[in-house]
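Below is one structure, written out as C-alpha cells; the observations come after it.
Protein chains: 2
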Amino acid sequence: MRHSRESPLPHEPSPTGLFVSDHTGITAEIIGKSLLSQYPDEAFATESLPFVDSQEKAQNAASHIREVWKQTSVRPFVFSSLTDPDARAALNASEALVMDIYGQFLGMMTAEIGRPATPAKGKFHAIGDQDNYTSRIDALNFSLATDDGMALKYDRADLILVGVSRSGKTPTSLYMAMQYGLCVANYPLTPEHFDRFELPSVLRPHLKKVRGLTLTPTRLSQIRAERRPNSEYASLETCKQELNAAEQMMRSAGIPVLDSTTRSVEEIAALLRQSLTNPTVQRPA
Amino acid sequence: MRHSRESPLPHEPSPTGLFVSDHTGITAEIIGKSLLSQYPDEAFATESLPFVDSQEKAQNAASHIREVWKQTSVRPFVFSSLTDPDARAALNASEALVMDIYGQFLGMMTAEIGRPATPAKGKFHAIGDQDNYTSRIDALNFSLATDDGMALKYDRADLILVGVSRSGKTPTSLYMAMQYGLCVANYPLTPEHFDRFELPSVLRPHLKKVRGLTLTPTRLSQIRAERRPNSEYASLETCKQELNAAEQMMRSAGIPVLDSTTRSVEEIAALLRQSLTNPTVQRPA
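In order, the protein sequences belong to chains A and B.
Residue numbering for the first sequence follows numbering that gives the first Met the number 0, beginning at 0 and increasing consecutively.
Residue numbering for the second sequence follows numbering that gives the first Met the number 0, beginning at 0 and increasing consecutively.
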C-alpha cells in the first residue's frame, strides 16, 4: 500500500535488492552490493535467490519478486546473473528493475568476437573449472599448513608474509589462497628474533618473495587486548617495542612493508599481489 | 600486424581481457572472468589493473590497453568497475570494447530512486564498510579457533559442520566465514565415535545448526592418499567403513547431509547457507 498524500514520508522507502543467480549467487551478490553501496543514504533490505537453474524456478523467483514489491510498495531492484535466455525473460516478466548482467554484456561480446557464447551455468565458480579450482584448494591447504611459521616449505611459496603477532598475516594468507590461488606462507617475528637483531635465517634464501605487515601500536594493542585483556602482550608499550624492532628488521633486510591499520584484508591482498612480478597477467594454457 | 590473406588462421586470436578497477579489482575480475567463461572455445589472456583511482591512472590504463591492442592485433575486452565519470570517460577513450558496469546500471538505478548516487570508490570491500568487515574477520577468527573440534563455543556458532577427516569441513568453514561473515565451527567424526555408535554429546544441544558433509569412498581415498600415501587411513576399505558409519550416525540424528564429491567449496557454501533459516535475507540496520 502506498502511504497517503496527507502524511507524506520525508522520502520513499528504499527498494529491496534481490540477487538472482542460476548458481551460487556470488557474482550477482558482489555486483549488486557494490552498486547498492553507491547510495549510502538508502537503507536497502537485500535477499539472495541462488540456484535458479530452471524455467520454473525463474518463474517462481519472478512471483517472489512481485510479492516483495506488493509487500514493500516499492519496485524492487533485481541483480541477475542468469545466463539462460528463457529464464532471463521469465525474470524480466516480474517488471521489477532488472540489472541483467549477462543480457547487457554478452551481446556486446558476441557481436565483437563473431562467435556465439555457450552459456554454462555458473561456470566460473563450478568444479568444472577444475584447474583453477584445484589450485585454489591446494593453495588454501598450503597456507593452512604453513601458518604461523609451521612447515617451512618456502620453495613452493609464492609469497611469505612476516610481521609481529596479530598483524593480520593469517587472514591475508587465507584470503589470497582462496581468492587468487596463491601459496602464501606466513612467519611470525617474535621478541626472540628481536633480541638477536637478525631476520630468521629460514627467510633469507627467499627474500624476494617476503613481504611485511605492520600497523599502529594503538591498533595492535586493541586487537591483542581482545584476545588477552590486560596482558603485557597487549600493552601499548610492548606493542610499540615489537613494532619498532620488527619494522627496523624488515627495513634493513630490504623487505617491502605494508601498513594494514586502515586497510581491509581484500585491499592488503590486492596490494601484495600487485607487488609480486606481474601475477595479475594470466596467459591461456 | 594482421595475419595475411594467403594463410588465414582457422579463427582470429582471442581478445585480451583486462579488469580495471579503482579499488581491489575483485568485482571487475569476478564479472569479467564469469563473462569470459561463457566462451569456452576461446583462449583469453587476462590482466588485472587494480587501484586506478585518479584521472591520470585512468589515462595510463587506457594507454596500456591501446598498447595491448597493438601487440595482439585484437581489440581488447575491458571489464571496468570504475565509478568516477571522468575516469570512465578516459578509459572509454581507449576505444577498446569496454564493459562499463557502473555506467550501465547506475543510470538505471538513479532514474528509479530519483536521488543521485554518491560514488565511493570500492566501498563494498573497503574497511569503511566497518560493520560488515569486522563481522567477517570475527567470523574468520571464530572458524579458525573452532576448527577440527577445538574450542567448543557452539552457542555463538551459526553453523557446525560434521564429517569424517578430509571431507572438506575446513575449507568450507573458512570460505563461509570470509564470504558471508557466518561463524562456522567444524567437528570431526572419528572411529572413536563410531565404536560408541553415537553422535558426540557436545553436538546434541545444537542439532538444529549441525550439517554433515560426505563424499564417495573413492574420492576420499584419493584425497587422503595425497596426505598419507599407502596408509591404512587412506585405504579404500577404511574410507568406506568410516563414511558408512558417519552417514548412518548423521542420518539417525536427523542431520541434513551434503555430498561434496562433485561440488566446489563455493557451491557447498551456498547450499549450506540456503539450508539455514533465511540467512540470505538481510534487513537494513
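Glycine residues also receive a C-beta, built at the ideal position from the N, C-alpha and C atoms.
Treat the numbers as computed from the prediction; the structure is a model and nothing was measured.
Which two residues bound the contiguous beta strand (DSSP E) that contains residue i?
i, result
"residue 210(A)", "209-213"
Provide the residue(s) that pair with residue i in DSSP beta bridges, ordered along the chain.
i, result
"residue 257(A)", "212(A)"
"residue 162(A)", "187(A)"
"residue 96(B)", "76(B)"
Just checking my contact of residue i with residue j at CB under 8 Å: how many whole Å lie between their CB atoms?
i, j, result
"residue 78(A)", "residue 98(B)", "Not quite, the Cβ-Cβ distance comes to about 15 Å (not below 8 Å), so this is no contact."
"residue 44(B)", "residue 24(A)", "Not confirmed; about 28 Å, so no contact."
"residue 134(A)", "residue 172(A)", "No, residue 134(A) and residue 172(A) are not in contact; Cβ-Cβ is about 15 Å, not under 8 Å."
"residue 100(B)", "residue 30(A)", "7 Å"
"residue 33(B)", "residue 117(A)", "So it is not a contact: roughly 14 Å between Cβ atoms."
"residue 167(B)", "residue 188(B)", "Wrong, their Cβ atoms sit about 13 Å apart, outside the cutoff."
"residue 315(A)", "residue 81(A)", "Examination of residue 315(A) is not possible in this model, given that chain A is present from 0 through 284 alone."
"residue 214(A)", "residue 259(A)", "5 Å"
"residue 54(A)", "residue 85(A)", "5 Å"
"residue 264(A)", "residue 170(A)", "5 Å"
"residue 249(A)", "residue 76(B)", "Contact flag wrong, Cβ pair sits at about 39 Å."
"residue 184(B)", "residue 145(B)", "4 Å"
"residue 206(A)", "residue 138(A)", "Actually they do not touch by this definition, with Cβ atoms about 21 Å apart."
"residue 17(B)", "residue 46(B)", "5 Å"
"residue 275(A)", "residue 175(A)", "Residue 275(A) to residue 175(A), Cβ: 10 Å. No contact."
"residue 238(A)", "residue 223(A)", "7 Å"
Please list the terminal residues of the continuous alpha helix (DSSP H) segment that includes residue i.
i, result
"residue 85(B)", "84-91"
"residue 250(A)", "235-251"
"residue 179(B)", "168-179"
"residue 268(A)", "264-274"
"residue 65(A)", "54-71"
"residue 32(B)", "25-35"
When every heavy atom of the ligand COA is checked, does at least one fall within less than 7 Å of the C-beta of residue i?
i, result
"residue 196(B)", "In terms of ligand content, the structure shown is empty, and the ligand COA therefore cannot be addressed."
(request) Check whether the region 220-231 of chain A touches the region 180-192 of chain A, counting contact only when three or more Cβ pairs, one atom from each stretch, lie closer than 8 Å. (result) no
(message) Does the region 156-176 of chain A come into contact with the region 203-210 of chain A, if we say contact requires no fewer than three beta-carbon pairs (one atom in each stretch) closer than 8 Å?
(response) yes
(request) Please determine if the region 51-68 of chain B and the region 62-76 of chain A are in contact, where contact requires at least 3 C-beta pairs separated by less than 8 Å. (result) At 8 Å Cβ cutoff, the stretches do not touch.
(message) Using 8 Å as the cut-off, can you tell me whether the region 241-257 of chain A makes contact with the region 190-208 of chain A, which would need three or more C-beta pairs spanning the two stretches below that distance?
(response) Yes, they touch.
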